Amino acid sequence: MGEGIEAGFFLRASDYLQNLPAVSTARSKKNLSEQPGTHRRLLDAARAEFGEKGIEAATTRGIAERAGCNEVTLFRHFESKQKLLAAVVQETSEQFLAFCECQGDFSGNPREDLARFARVYSESLERCEGMARALIGEGRRRPTLVKELIGDVLEPFHRSIASYLDLRKKDGLVRESLDTMAFAEVFTSTLMGGLLRRSSGLSGLDREGWIRETVDILVCGIG
-3 MGEGIEAGFF LRASDYLQNL PAVSTARSKK NLSEQPGTHR RLLDAARAEF
47 GEKGIEAATT RGIAERAGCN EVTLFRHFES KQKLLAAVVQ ETSEQFLAFC
97 ECQGDFSGNP REDLARFARV YSESLERCEG MARALIGEGR RRPTLVKELI
147 GDVLEPFHRS IASYLDLRKK DGLVRESLDT MAFAEVFTST LMGGLLRRSS
197 GLSGLDREGW IRETVDILVC GIG
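Under the working numbering, the letters of the sequence shown match residues -3 to 219, in that order.
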């Protein structure tokens, strides 16, 4: 990445995932090799079911029916709803990190470059919106899980924004007193709020409108 910024994207294995035993036994691995499409269909079906109904309301029966199989097959692949959830969350997190990579050089203009960060982040959120909503809804019931998985995913992106702004401090374009990590958190939270309002029909702004207004308003506070 240009100007010495390294994305540093990684997903720290949470205690939640570390404490889960292996999803597959030797016998289930044999079944996976015999039916390579079933595992993928179950993951896709679970992501859709969790996203539409929420984690608590989604059932293994509903997920299996959506995947075109029965619950016995689901449990042979993932053993439990909890392990299926862990697999879906981990895959979604990895995809989100990949989507969020800002490649290439930056212009050095905070307004232009923050708009670029905002566009990449917004597009990534839209691809993972269903699971993002489901996990946000679990905040009260499973705060540790949500903090580790959502927090660990967003922190590297926040650090990339903060590192960029720290470089602009050296150029005299950003005030020295700015807490760049706090700015990054407010920046992404505003964009996430925009996604939730747009997808709920509560905003007259489209994605580009939210990006434009978010950048215009927040850039005024960094100089």
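Glycine included, each C-beta is placed from N, C-alpha and C at the ideal position. Fair warning: this is a prediction, and the values are worked out from it, not measured in the lab.
Collapsed DSSP secondary structure at Thr69 in the structure displayed: As a working note, residue 69 is residue 73 in the sequence shown. Residue state, collapsed to three classes: helix.
Buried or exposed (CB count within 10 angstroms, at least 16 for buried), Ile132: Here residue 132 refers to the residue found at position 136 when the sequence shown is read from its first residue. A residue is called buried once 16 or more other Cβ atoms fall within 10 Å of its Cβ, and Ile132, having fewer, is exposed.
Three-state secondary structure (DSSP) of Asp162: The residue given as residue 162 occupies position 166 in the sequence shown. Residue state, collapsed to three classes: helix.
Ile218 in three-state terms, based on DSSP: Position 222 of the sequence shown holds residue 218. Coil at Ile218, not helix or strand.
Backbone secondary structure at Asp212 - three-state DSSP: The residue given as residue 212 occupies position 216 in the sequence shown. Helix.
Buried versus exposed call for Pro139 [16 or more other C-beta atoms within 10 Å across all chains shown]: Counted from its first residue, the sequence shown places residue 139 at position 143. Exposed is the call here.
Separation of Cys124 from Ala114, as counted between CA atoms: One-based indexing of the sequence shown puts residue 114 at position 118. One-based indexing of the sequence shown puts residue 124 at position 128. Looking at the two C-alpha atoms, the distance is approximately 15 Å.
Other residues of its chain near Ile218: CB distance less than 6 Å, five sequence neighbours each side excluded: Start at 1 with the first residue of the sequence shown, and residue 218 comes out as number 222. Only Val170, Leu174 meet the Cβ criterion.
Of the listed residues Glu204, Thr88, Arg129, nearest to Leu192 (C-alpha basis): By 1-based counting over the sequence shown, the position of residue 192 is 196. The residue with the shortest Cα to Cα distance from Leu192 is Arg129.
As assigned by DSSP and simplified to three states, the class of Ala54: On the sequence shown, residue 54 is found 58 positions in, with the first residue counted as 1. Reduced to three states, the DSSP call for Ala54 is coil.
Ser89 - containing alpha helix (DSSP H), residue span: Numbered from its first residue, the sequence shown carries residue 89 at position 93. That run of the alpha helix (DSSP H) goes 77 to 95.
Spatially closest choice to Arg208 from Gly197, Thr186, Leu198, Leu38, by CA coordinates: Sequence index remark: in the sequence shown, residue 208 carries index 212 (1-based). Looking at the Cα atoms, Thr186 is the closest of the given residues.
Collapsed DSSP secondary structure at Ala18 in the structure displayed: Counting from one through the sequence shown, the residue named residue 18 turns up at place 22. Residue placement at Ala18 is flagged as unreliable, the pLDDT there being 40, under the threshold of 50; a coordinate-derived value is accordingly withheld.
Three-way DSSP call (helix, strand, coil) for Arg129 in this model: The residue you call residue 129 lines up with position 133 of the sequence shown. In the structure shown, Arg129 sits in a helix (DSSP, three-state: H, G or I).
Local Cβ density within 10 Å of Cys216, reported as buried at 16 or more and exposed below that: Taking the sequence shown and counting its residues from 1, the one referred to as residue 216 is at position 220. By the beta-carbon neighbour count (other beta carbons within 10 angstroms, threshold 16), Cys216 is exposed.
Distance, Ser120 Cα to Phe95 Cα: Working through the sequence shown from its first residue, we reach residue 95 at position 99. Working through the sequence shown from its first residue, we reach residue 120 at position 124. Roughly 5 Å separates the two Cα atoms.
Cut-off 6 Å between Cβ atoms - residues of its own chain near Ile59, not counting five sequence neighbours on either side: For the purposes of this step, residue 59 is identified with residue 63 of the sequence shown, where counting begins at 1. The residues Ala41, Ala42, Glu45, in chain order, have a CB closer than 6 Å to that of Ile59 in the same chain once the five nearest residues on each side in sequence are set aside.
Thr55 burial status per 10 Å Cβ neighbour count (16 or more: buried): The count along the sequence shown starts at 1 and reaches residue 55 at position 59. Thr55 is exposed by the Cβ-count criterion.
Spatially closest choice to Thr184 from Ser196, Ser195, His35, Glu151, by CA coordinates: The count along the sequence shown starts at 1 and reaches residue 184 at position 188. Nearest C-alpha to Thr184: Glu151.
Option nearest Met188 by Cα separation, candidates Glu52, Val116, Cys65, Glu48: Here residue 188 refers to the residue found at position 192 when the sequence shown is read from its first residue. Closest by alpha carbon: Val116.
Same chain only: Cβ atoms within 6 Å of Arg224, ignoring 5 sequence neighbours per side: In the structure displayed, the chain extends from -3 to 219; residue 224 sits before or after that span and is not available.
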